Structures are given as C-alpha cells and as structure tokens.
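Taking this note's numbering, the leading residue of the sequence shown gets 1, the next gets one more, and so forth.
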Amino acid sequence: MRRSRIGVGVLEPTRRSGFVTGTILRHAILGEITRDMTDDLAKIAVGATHQSYVGGYSSAQLAVLKDIASLQVKATRTFGKSRSEVWWVTRRGLQQSTLAAVADFKATWFGDEVVLDVCCGLGSDLIALAKRGPTTGVDLDEDVLAFAAGNLRGGGASAELRHADVMTTPVDQLVGEARFVHVDPDRRVDGKRHTRCDDLVPDWDRLDAILRRCRGGVIKMAPATSLNPEQADSFHRMWIGAGGSVREQTLLQGDVLDHPWIRRFNLIAGTRSAVCLRGGTTHVFAGAEPSSEPSAETTAPSRRQVGEFLIDPDAAIRAAGLTEAFAEHVHAAPVDQFNGFLTADDVEHLPSEWPMATTARVLEVIGCDQRKLRRCFRARNAYPEVIKVRGADQDPAVLHKTLRSCGDHPLGLWIGRNGKQVFAAITERSR
C-alpha cells in the first residue's frame, strides 16, 4: 500500500484561520471516526467552528476537523453527495481519489464477483465496488482506513477493510478469495508525482504477481504514465475523461476483457481507447493497433491549411495518442503536427451530437494579432464566447477580456499553429 502516510498532512493557514503557519495535521489525533464526530464535522463545515458547538475537542483536533471541513466542496465534487453530508478526506488523498462517475463506470466490469481493492485510500473506488458486490479494501495507512470506513457509511455501502502492506504480505494471503483486483498505486511517493510505472508503489513486479493470482484486474494510472512495449501488450489501455478533463488511464487485463460491454467495442489487450462520460452517457473511440506510446502529438502529415471546419478531439483522444486515428475516422487532417486541431471541408462523417469532438464552421482565418482580432470581431458585432488555444502562447482569459466589448453576437475563436505561423480562426458557435 502507500508507504508514506496519507493520514499526515501539512496545513498552510492564513492569519484568519488562527493557526501557526506550517502546523502539522496528524489525522490520527482524531481517534475513532464515530457518527457523533461525523455530525460535528458537518456542523463545522457549515460554520459552527466554536468548540462549545462541536463537543469540546482539543485545539489540535479542531484544527484537523476545520481542515477537513474546508475540503468538503472539492470532496463532494469527487465523491458525490454523502448520506452523512460530509466526507472524511485529506488533501493528499483527494488528489488521487477517483471521480464518482468514473468509479461507478469501472465497477460495472466486475459483475457480482469478489473484488480486492488494493491501495483503497479514502474509498472512492471502494464505495462503487462495494455497491455492486462483495469487496475488500486494503491499505497500509490505518488512519486512511478509518476515513474509508466513514466514507463507506456516507456512500451507503459496506466492505471489509484490512490493514496490510502489499509489498510484504504474501500474495496468496493478500488476494484470498478475490477473483478480481482493482489497484490504485501510489503515484506520489516521496512527495513527487511519478509517471513511470516502475516508480509506483506497489512496483510493477508486485502488481504483476497480484494480477497473476487473480482472474483479471484493473490498474488505475495517471493519464501520462508510460509503459514499455511488453507491459503495454498485456493490457487494454483506456483513457477516461469526464467533466472536461482526462481523469485517468486505466489498464484492463484478464477476464475483465470478457465483459460484454468491453467485447462490444473490441477492447482487447495491446490496444488503446478513449472514453468520455457525459450526461449519464458513455462515448467510446477505440483506435487501431498502437505503434508507439500515447502522445498529444500526431505523426500524420499536416494539412497546413484551415478548411471549412475545425475539429477539436476530446482530451481523452489526445491523451491516448489516438488523434491520428480519429482524424482518419472522420476524414479530417491535422492543421499542424503539434497542434491538436483537425480540419475538414465537411463533417458528414462526424455524428452531429457526439461529445468526443467539438466542431465549428470557419468564418475567417487571420494572423494572431490582437489589433486584427479586435477589428474583425467589431466588424461582426461579435465577441468570442469560446476560445480554444493549441500550440500557441496565448492566454484565453486575457483574450476574452480584451475582446468581450467588441460586440454582442457570440462566436468562437480557435488559435493554433500552422507550421511556424500562429493563426486565429473566427468560427460559428461550436457544437
């Protein structure tokens, strides 16, 4: 499990908080996470911070509770709505927690089989897994397991929780009766964010040993984590996007690949896919056999000319290195090799209501000069409602502020690179 203790964090308070800068928050000082303590945390989260209102905690305990209370907005965005109105979280743990919609999506692949959730952390995946069937969560940090127990109650789920070190516990003892495994390795060892799978905890050899003991499994990785060719050939690699960003790279192996939904899209070992979760609907683009590591760059020949339409593939497609395959699928071409935008003279091959790409009809293409941009938008009595920038050093917020007063009609502004030149395309509203 996580070798560094997630239950320990550093508070960086302001003068208004009343704490000394650099105060160490030791979550273990809270002791058992009881229902009364959960109720008190909920009171603090809505502003009742005076000790007399929340059970007479020590100043150190109250400092920890206040810090957890300050994270509730972000925690709710990640975990969803809690039955207890609050989530037991830490700053570091939240950074690695899975978005609820993504966790629910992955949990469907396991049916009602027994699942082991290794490095369960605060329990975002654990809750989703426990709702669909028998689940055991394992972590090295006892404080985190206490928080996970509180979050299971808040999520309306139950699971067995075990304190163990995945690096030293015998694999047979660790896996037990579980037929499938979900692993969320620690990617922030030594306080640094790692993107090499060999730098994770548990390391790759240990992950492989655990997977060999099960019928199948899923490993959660950061979107930018790289694999060597031998490792990549053993998994289907899926990049999952939700809420406008890529949430994770997910590795699928073994009998998980036999799930009907996985087979429907022919998601097999050695290939990649991009998935977008939006509005309760799952959208999938599965690429051809990969020839290299994923990259935001495309190796297809650049068109070097903006056509009638501009197309911006979903971030998951770009993260998966499937921009070139997507361009071929929709009969488009890259504007520039390092740009990310595609262009086409028609979009008949692109579904009209498909969130895997944003499209817009081009009205005018000019050099990226603020004077020219102001002149063009004023001539159209328009302003840029949406500004997209790829491969250029332009701040969308600054541009929006500069051009907002040019008119009343909403249009789009796409800024990208075409060879050595930076272009600005004024477009109709995106769809």
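Heads up, the beta-carbon is just placed ideally off N, CA and C, and yes, glycines get one too.
Since this is a predicted model, take the numbers as computed values, not measurements.
Cα-Cα separation between residue i and residue j, rounded to whole angstroms
| i | j | result |
| --- | --- | --- |
| residue 414 | residue 389 | 6 Å |
| residue 430 | residue 168 | 53 Å |
| residue 155 | residue 395 | 40 Å |
| residue 411 | residue 96 | 37 Å |
| residue 332 | residue 354 | 16 Å |
| residue 424 | residue 409 | 18 Å |
| residue 386 | residue 359 | 12 Å |
| residue 371 | residue 206 | 58 Å |
| residue 103 | residue 328 | 31 Å |
| residue 417 | residue 344 | 16 Å |
| residue 403 | residue 145 | 51 Å |
| residue 283 | residue 321 | 17 Å |
| residue 67 | residue 120 | 22 Å |
| residue 77 | residue 124 | 12 Å |
| residue 307 | residue 339 | 15 Å |
| residue 258 | residue 324 | 28 Å |
| residue 157 | residue 98 | 16 Å |
| residue 272 | residue 315 | 14 Å |
| residue 232 | residue 197 | 11 Å |
| residue 278 | residue 30 | 38 Å |
| residue 110 | residue 346 | 41 Å |
| residue 100 | residue 286 | 23 Å |
| residue 227 | residue 400 | 39 Å |
| residue 276 | residue 57 | 44 Å |
| residue 245 | residue 319 | 10 Å |
| residue 153 | residue 107 | 18 Å |
Nearest neighbour of residue i, chosen from the options [CA to CA]
| i | options | result |
| --- | --- | --- |
| residue 223 | 44, 162, 348, 251 | 251 |
| residue 422 | 401, 366, 171, 205 | 366 |
| residue 253 | 219, 412, 77, 411 | 219 |
| residue 33 | 142, 226, 371 | 142 |
| residue 364 | 370, 265, 376, 100 | 376 |
| residue 208 | 229, 183, 196 | 183 |
| residue 221 | 265, 29, 204 | 204 |
| residue 138 | 162, 181, 128, 126 | 162 |
| residue 391 | 398, 379, 368, 378 | 368 |
| residue 27 | 181, 79, 92, 43 | 92 |
| residue 235 | 255, 241, 277 | 255 |
| residue 113 | 309, 216, 334, 264 | 216 |
| residue 60 | 180, 25, 265, 330 | 25 |
| residue 42 | 69, 326, 57 | 69 |
| residue 326 | 65, 348, 357 | 357 |
| residue 166 | 140, 181, 153, 180 | 140 |
| residue 64 | 44, 153, 170 | 44 |
| residue 348 | 334, 309, 108 | 309 |
Local Cβ density within 10 Å of residue i, reported as buried at 16 or more and exposed below that
| i | result |
| --- | --- |
| residue 248 | buried |
| residue 151 | buried |
| residue 225 | buried |
| residue 270 | exposed |
| residue 176 | exposed |
| residue 381 | exposed |
| residue 229 | exposed |
| residue 261 | exposed |
| residue 438 | For residue 438 there is no data in the structure shown, the boundaries of the chain being 1 and 431. |
| residue 397 | exposed |
| residue 384 | buried |
| residue 427 | buried |
| residue 298 | In this prediction, residue 298 has a pLDDT of 43, which is less than 50 and means its spatial position is unreliable; nothing more can be read from the coordinates. |
| residue 291 | Confidence at residue 291 is low in this model, with a pLDDT of 44, below 50, so the placement of that residue should be treated as unreliable; the coordinate-derived value is given next. Exposed, because fewer than 16 other Cβ atoms sit within 10 Å of the Cβ of residue 291. |
| residue 73 | exposed |
| residue 379 | exposed |
| residue 170 | exposed |
| residue 241 | buried |
Distance CB(residue i)-CB(residue j) smaller than 8 Å
| i | j | result |
| --- | --- | --- |
| residue 350 | residue 313 | no |
| residue 274 | residue 317 | yes |
| residue 71 | residue 46 | no |
| residue 133 | residue 118 | no |
| residue 105 | residue 122 | no |
| residue 172 | residue 213 | yes |
| residue 200 | residue 238 | no |
| residue 164 | residue 136 | no |
| residue 374 | residue 406 | yes |
| residue 336 | residue 243 | no |
| residue 130 | residue 159 | yes |
| residue 432 | residue 62 | Residue 432 cannot be examined here, being either before or after the span of the chain that is shown, 1 to 431. |
| residue 210 | residue 174 | yes |
Any non-hydrogen atom of the ligand FAD within 7 Å of residue i CB
| i | result |
| --- | --- |
| residue 41 | The ligand FAD is absent from the structure shown, which contains no ligand whatsoever. |
Min CB distance residue i to chain B below 8 Å
| i | result |
| --- | --- |
| residue 386 | Included in the structure is just one protein chain, with no chain B present. |
Determine contact between the region 79-88 and the region 34-44, defined as no fewer than three beta-carbon pairs at a distance below 8 Å. yes
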